[in-house]
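Here is the structure we will look at.
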Amino acid sequence: MLRWKRQQGVALVISLLMLVAITLLAVSALRNTVLQEKMAGNLTDAEISRQVVEMTLNQVAGQLPPVNAPAWFVQAIPAPVQGTPDVWKNSAFWNNAGQVVVAVNGRNYTGQYIVENLGFWTSRQDPTCKPKENPLCERQTYRITARNQPVEGRAAVMMQVIWRM
1134 MLRWKRQQGV
1144 ALVISLLMLV
1154 AITLLAVSAL
1164 RNTVLQEKMA
1174 GNLTDAEISR
1184 QVVEMTLNQV
1194 AGQLPPVNAP
1204 AWFVQAIPAP
1214 VQGTPDVWKN
1224 SAFWNNAGQV
1234 VVAVNGRNYT
1244 GQYIVENLGF
1254 WTSRQDPTCK
1264 PKENPLCERQ
1274 TYRITARNQP
1284 VEGRAAVMMQ
1294 VIWRM
């Protein structure tokens, strides 16, 4: 007669532990994949925002010398005063900012810009030139500040360029 050994249940416990370990690995892999997808989406969003701002700067620079419009400060701006915020940091100025519609990858985006007249600056190639002797050594200079139109939860990019005529 065969005697049945009493089963100890070790195989069941080991298989359950292996299932838990495999489940934890699968959940971890899923979390990593979701995180990578979010990072890739944010990187793409930031790159599109950067392209919008660069295209805005290019279009505005092509319109120089400026015309009289709310986004164009054609009068020379006063010397900066310590403690006074810069124009582009003041959200009220962006309400009247100029807008340019640019296309990136077949979609239209809106870029905003402010142009400031910085007055006449001497040439960087010849900083020792004297304007009284050579009137061409000073040139009209503008600062163009551009940003993508802010959207909640999207990448915000702001760039500036100094443009000498």
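Heads up: the sequence shown at position 109 corresponds to 1242 in the working numbering, and the numbers run straight through without jumps. Even glycine gets a Cβ: it sits at the ideal position worked out from N, Cα and C.
Taking C-alpha atoms, which residue in the options lies nearest to residue i?
i              : options                               : result
threonine 1274 : Lys1265, Ser1182, Val1294 and Gly1252 : Gly1252
alanine 1225   : Val1235, Asn1238 and Ile1247          : Ile1247
glutamine 1330 : Val1237, Glu1249, Val1284 and Leu1157 : Lying outside 1134 to 1298, the shown extent of the chain, residue 1330 is not represented and no answer is given.
glutamine 1196 : Ile1147, Gln1232 and Ile1155          : Gln1232
valine 1237    : Asn1175, Lys1171, Val1160 and Val1185 : Val1185
valine 1290    : Asn1229, Met1188 and Glu1266          : Met1188
How should residue i be labelled, buried or exposed, when 16 other C-beta atoms within 10 angstroms of its C-beta is the threshold for buried?
i              : result
alanine 1279   : buried
glutamate 1180 : exposed
valine 1299    : No information on residue 1299 is available, as it lies outside the stretch 1134 to 1298 that the chain covers here.
leucine 1190   : buried
serine 1148    : exposed
Would you identify the three-state DSSP class for residue i, choosing helix, strand or coil?
i               : result
arginine 1183   : helix
methionine 1188 : helix
alanine 1173    : helix
arginine 1164   : helix
valine 1284     : coil
alanine 1144    : helix
Check whether the Cβ atoms of residue i and residue j lie closer than 8 Å to each other.
i               : j               : result
proline 1260    : glutamate 1271  : no
tryptophan 1254 : isoleucine 1277 : no
glutamine 1215  : threonine 1243  : no
alanine 1288    : aspartate 1178  : yes
- Query: Could you give the uninterrupted runs of the beta strand (DSSP E) lying entirely in the region 1204-1273, keeping only those of 3 residues or more?
  - Reply: 1205-1209, 1231-1237 and 1240-1255
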